[in-house]
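> Let me begin by handing over the structure; questions about it come next.
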Amino acid sequence: MNKKGLAILMRTRMRPNNDLTKLSLSPLPNRMQSNPQESSGRVMEHSSDDAVKRLDFSGNAERDFDIVRGWMHSAISMKEMEGLDAVLNDFSKGYFSLSLDNRRKLLRLLAKEYDFNRTQVRALMKQYLGLELPSGDNAQSAGQQDDTPLSAFYHLERNLRHALKPTYEVLFERLNTHPGGLGFLSILRADILSILEEENTASLRALDTYLKEKLSMWLSPAVLELHQITWDDPASLLEKIVAYEAVHPISNLIDLKRRLGVGRRCFGYLHPAIPGEPLIFIEVALLKNVAQTVQEVLWDDPPIPESEATCALFYSISSTKPGLSGINLGKFLIKRVITLVKRDMPFISTFATLSPIPGFMQWLLSKLASQSNLDEVEVATRTPGDESVSTFWENILEPEEERLLIESSEDFVTGKNGMEIMFKLLTLSNHEWISSTKLLSALKRPLMRLCARYLVEEKKRGKALDSVANFHLQNGAIIERLNWMADRSVKGLLQSGGIMVNYVYRMEKIEEYAHSYFSTGQIHSSPDILRYVETKKLQDESTE
Numbered sequence: 016m017n018k019k020g021l022a023i024l025m026r027t028r029m030r031p032n033n034d035l036t037k038l039s040l041s042p043l044p045n046r047m048q049s050n051p052q053e054s055s056g057r058v059m060e061h062s063s064d065d066a067v068k069r070l071d072f073s074g075n076a077e078r079d080f081d082i083v084r085g086w087m088h089s090a091i092s093m094k095e096m097e098g099l100d101a102v103l104n105d106f107s108k109g110y111f112s113l114s115l116d117n118r119r120k121l122l123r124l125l126a127k128e129y130d131f132n133r134t135q136v137r138a139l140m141k142q143y144l145g146l147e148l149p150s151g152d153n154a155q156s157a158g159q160q161d162d163t164p165l166s167a168f169y170h171l172e173r174n175l176r177h178a179l180k181p182t183y184e185v186l187f188e189r190l191n192t193h194p195g196g197l198g199f200l201s202i203l204r205a206d207i208l209s210i211l212e213e214e215n216t217a218s219l220r221a222l223d224t225y226l227k228e229k230l231s232m233w234l235s236p237a238v239l240e241l242h243q244i245t246w247d248d249p250a251s252l253l254e255k256i257v258a259y260e261a262v263h264p265i266s267n268l269i270d271l272k273r274r275l276g277v278g279r280r281c282f283g284y285l286h287p288a289i290p291g292e293p294l295i296f297i298e299v300a301l302l303k304n305v306a307q308t309v310q311e312v313l314w315d316d317p318p319i320p321e322s323e324a325t326c327a328l329f330y331s332i333s334s335t336k337p338g339l340s341g342i343n344l345g346k347f348l349i350k351r352v353i354t355l356v357k358r359d360m361p362f363i364s365t366f367a368t369l370s371p372i373p374g375f376m377q378w379l380l381s382k383l384a385s386q387s388n389l390d391e392v393e394v395a396t397r398t399p400g401d402e403s404v405s406t407f408w409e410n411i412l413e414p415e416e417e418r419l420l421i422e423s424s425e426d427f428v429t430g431k432n433g434m435e436i437m438f439k440l441l442t443l444s445n446h447e448w449i450s451s452t453k454l455l456s457a458l459k460r461p462l463m464r465l466c467a468r469y470l471v472e473e474k475k476r477g478k479a480l481d482s483v484a485n486f487h488l489q490n491g492a493i494i495e496r497l498n499w500m501a502d503r504s505v506k507g508l509l510q511s512g513g514i515m516v517n518y519v520y521r522m523e524k525i526e527e528y529a530h531s532y533f534s535t536g537q538i539h540s541s542p543d544i545l546r547y548v549e550t551k552k553l554q555d556e557s558t559e
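Residue numbering for the sequence shown follows this note's numbering, starting at 16 and increasing by one per position.
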């Protein structure tokens, strides 16, 4: 093993037993979404040790909290810039030395005590509402020649803008220009997000929103460097790829070299203030055709010569900073990667993904359970001779689908109707249904059709309910194809019954599709996808 391989191996917790079928393409890895605190724990743990060595803490949690609170106050209130860097250093290191409870206590205090002065804002608003706008000829002449009649408005508007800036903005601004401060701010936000998961208070929401807006501005694409990550990069950077690739874990050094070798590409966004650590990275497979299963991407066979490839398949996007959740760096990354690949490999004509559908099974099981419960209530409350059906009742199975399910499931489960049988089959603890040819055949049609309905029709606030679908649709993709039994891993079966989806980015349509989705929520789908949805609609109309 060469020195670089040994360095990566020694400095990264390699996990040789990872399930390599757990392929995902998500804006943010599930591990990070579910527990931002855990994802930032590596940084916090390391920094905490460093802080303890350099700072003289008493070991008394309350006293140490007061010390760090004092540093934070000084970092905000100092008028002279001399000595500010030392105070910011003390604050950031001191923050890591605090217990989790004390960090949360400090962030709550920052949100409440360093907000803007509402008494001052109310007074300024009262003054502003007391002003009278110039009227008639005076207003016209004021707008064309002299703005003196409006000078009082301009003055109060300037004061209002200043008063509406929270005091903690000073801390954020100063940390942003401090060495290592931008990375520290992303960790602060990860901690804020972890608190909000438990207590959704207005002051913390405001703190999070403000910091998110600042980070979005400071991390604009103009200041981000798109870097192709190769085996020739420093071991410290490759270590980050191994450590943060949570959607499709890297099992060993051979796996890492393979992802950076022939037929594969890896690109990451780097920021000058956080050197050697990609904020987000994307992995690309060069293929002859759009892959339908994870096995095609995982190199069961040797890679094809790159000159024979016609498709660039995005098979994993990983964010390394939980504190940047909600900041759509992936949108700009995908567009820039498409442009770069097209420039370097003009023979590539298709840009697509092989993506999970993380919310489908949860939605479907909830739908099946609610219909079953509704049926039980209807039966219990129905009067003799009453054959009416509740307006909330919906048999989501077609007659032929229900018949096949009932016939095929006799050796596995029983139920009073097809929906109850489907629910029981899909919730079997060991997923027995995937081992039965009869059940796979009976379930394929309804699951594929309902999955298409879920992606195309199920929405939240006018946008796709599925988080991964929403990510790609807002970036200008089209839902191209559903793939049956594309991911047979436990995770794939639990998320989507093994179904995966190809989203396709058509270069000439990206901006048009992104705009229509953003403005009207229109979801662009291929004829094959729409056929699943429209068939059911036509059948429903024929029975009315």
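Glycine included, every Cβ here is placed at the ideal spot set by N, Cα and C.
Classify GLY291: buried if its beta carbon has 16 or more other beta carbons within 10 angstroms, exposed otherwise.
exposed
> From which residue to which residue does the alpha helix (DSSP H) around GLU527 run?
If you look at GLU527, you'll find it in the alpha helix (DSSP H) that goes 525–535.
> Can you pull the DSSP bridge partners for ARG496?
ASN517
> Can you tell me whether DSSP reads LYS180 as helix, strand or coil?
coil
> If you draw a straight line from the alpha carbon of GLU122 to that of SER456, how long is it in whole angstroms?
Just to set this straight, residue 122 is Leu in the shown sequence, not Glu. Going by the C-alpha atoms only, they are around 54 Å apart.
> Given a cut-off of 8 Å, decide if ALA529 and GLY491 are closer than it, judged by their beta-carbon atoms.
With respect to ALA529, GLY491 sits close: the two C-beta atoms are nearer than 8 Å.
> So, do the stretch 519–534 and the stretch 465–474 have three or more beta carbon pairs nearer to each other than 8 Å?
no
> Leaving out five residues on either side along the sequence, give the residues of the same chain with a beta carbon under 7 Å from the beta carbon of LEU488.
ALA479, TYR532 and ILE538
> Which parts of the stretch 406–486 are runs of the alpha helix (DSSP H), unbroken and 4 residues or longer, counting only runs that do not cross its ends?
Segments of the alpha helix (DSSP H) lying fully in the stretch 406–486: 414–423, 433–441 and 452–472.
> Whole angstroms are fine: how far does the CA of VAL257 sit from the CA of ILE297?
Each residue's alpha carbon lies about 13 Å from the other.
> Taking DSSP as the reference, what is the three-state secondary structure of THR163?
The three-state secondary structure of THR163, taken from DSSP, is helix.
> Does DSSP put PRO243 in a helix, in a strand, or in coil?
Looking at the sequence itself, residue 243 is Gln, so the reference to Pro does not match. Strand, per DSSP.
> Starting from PHE282, trace the beta strand (DSSP E) both ways and give me its first and last residue.
279–285
> Pop quiz: PHE329 and ILE514 are said to be a contact at Cβ under 8 Å. What is the actual Cβ separation, rounded to whole angstroms?
So it is not a contact: roughly 18 Å between Cβ atoms.
> Spatial neighbours of TYR547 within its chain, please: CB distance less than 6 Å, with the 5 preceding and 5 following residues excluded, ordered by chain position.
Correct list, in chain order: ARG464 and ALA467.
> How many Å lie between LYS459 and ALA261 at the Cα?
Spanning the two alpha carbons is a distance of roughly 29 Å.
> Tell me which residue opens and which closes the alpha helix (DSSP H) that PHE80 is part of.
76–92
> Using CA atoms only, rank isn't needed, just tell me which of LYS303, ASP426 and ALA367 is closest to SER331.
ALA367
> How is THR354 classed by DSSP in three states: helix, strand or coil?
helix
> Please classify ARG137 as buried or exposed, where buried requires at least 16 neighbouring CB atoms within 10 angstroms.
Result: exposed.
> Between which residues of its own chain and LEU179 is the CB-CB distance below 8 Å, once the five residues before and five after are set aside?
These residues qualify, in order along the chain: PHE131 and VAL136.
> Hey, ILE349 and TYR520 are a contact pair by Cβ (cut 8 Å); roughly how many whole angstroms apart?
7 Å
> Suppose the cutoff is 6 Å on Cβ atoms and the five residues either side in sequence are ignored; what does the same chain contact list for ARG280 look like?
Same-chain partners within the cutoff: VAL299.
> In whole angstroms, what is the alpha-carbon distance linking GLY283 and LEU186?
29 Å
> Based on Cα-Cα distance, which residue from VAL83, LEU462 and LEU271 lies nearest to ARG118?
VAL83
> Taking DSSP as the reference, what is the three-state secondary structure of ILE295?
Correct three-state label for ILE295: strand.
> Quick one: is the Cβ of ALA250 within less than 7 Å of any heavy atom of the ligand MN?
For the ligand MN, the structure offers nothing, since it holds no ligand at all.
> What does the alpha-carbon distance come out to for the pair PHE438 and LEU419?
15 Å
> In this structure, does DSSP put LEU313 in helix, strand or coil?
coil
> On a Cα-Cα basis, can you pick out the residue from SER381, ALA484 and ASP481 that is closest to THR442?
SER381
> What do you get for MET220, buried or exposed, if any count of 16 or more other CB atoms within 10 angstroms of its CB means buried?
Before going further, note that residue 220 is Arg rather than Met in the sequence given. Answer is exposed; the Cβ neighbour count stays below 16.
> Going by the CB atoms, is the gap between GLN307 and ALA501 shorter than 8 Å?
yes
> Measuring CB to CB, does TRP314 end up less than 8 Å from ARG273?
It is a contact, given that the beta carbons lie within the stated cut-off.
> Per DSSP, PHE366 forms a beta bridge with which residues?
ALA327 and TYR520
> Please work out which residues of its chain come closer than 8 Å, Cβ to Cβ, to LEU211, disregarding the five sequence neighbours upstream and downstream, and give them in chain order.
LEU219, ARG220 and ASP223
> Do you know whose CA, among VAL305, ALA101, ASN445 and ILE363, lies nearest ASN517's CA?
It is VAL305.
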